[in-house]
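The numbering of the sequence shown is this note's numbering, which starts it at 369 and goes up by one.
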Amino acid sequence: RTRKGVLLVGKRINIDFFASDSLDSDKQVEATAKFGAEFQNDAEDYFIYSRGARDWNKMPHFVIGRRAYDNWLVDNAFHDDGIDLIDASNTILALHLTAEDGVKAGHAKGADIDHNMYTFNPATSQPVGE
């Protein structure tokens, strides 16, 4: 099988963050993370592809920050024998500073809220949500 590259993914830790809070050093970030909680299991929060790992022209036209694009990216890589999929959640500290609008702010508002569920998937010729 031909190797195309790597997709590194991971989950975040949520903490309540207020405008008066300050994170001025790596030590403060690490200490603050101990008070947070990992986000839900079916959510991925960062995606790092090696150059050339995917053909971006064959990706659905997602709205980033809305539901379903993260799961599609990981599922697509999982089923692609040419991409090595690595979960770095226990290695990379990704801290999400949760404001008043909550941990799912991208799910709650906007005219394009369900766009990703109905966008066309060129790989299957079906909507992503099916």
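In this text, a Cβ means the ideal position worked out from N, Cα and C, and glycines have one as well. Remember, predicted model here, so these are calculated numbers, not experimental data.
As assigned by DSSP and simplified to three states, the class of residue i
i      : result
Glu406 : strand
Asp452 : strand
Val431 : coil
Asn458 : coil
Val374 : strand
Near the ligand SAM: residue i beta-carbon under 8 angstroms from a heavy atom
i      : result
Ile454 : Of the ligands one can find in the structure shown there are none, so the ligand SAM has no counterpart to examine.
C-beta atoms of residue i and residue j nearer than 9 angstroms
i      : j      : result
Val442 : Glu412 : yes
Asp384 : Thr466 : yes
Element boundaries [alpha helix (DSSP H), containing residue i]
i      : result
Asp443 : Tyr437 to Phe446
Asp394 : Asp394 to Ala401
Euclidean distance between Cα positions of residue i and residue j
i      : j      : result
Ile381 : Arg435 : 18 angstroms
Val374 : Ile451 : 5 angstroms
Val405 : Ala445 : According to the sequence shown, residue 405 is Ala rather than Val. Their backbone Cα atoms lie some 26 angstroms apart in a straight line.
Run of the beta strand (DSSP E) containing residue i, from where it starts to where it stops
i      : result
Leu465 : Leu463 to Thr466
Asp413 : Asp413 -> no beta strand (DSSP E), and no H or E assigned at all.
Ile383 : Ile381 to Asp384
Beta-carbon separation (whole angstroms), residue i vs residue j, contact threshold 8 angstroms
i      : j      : result
Ala456 : Val377 : 7 angstroms
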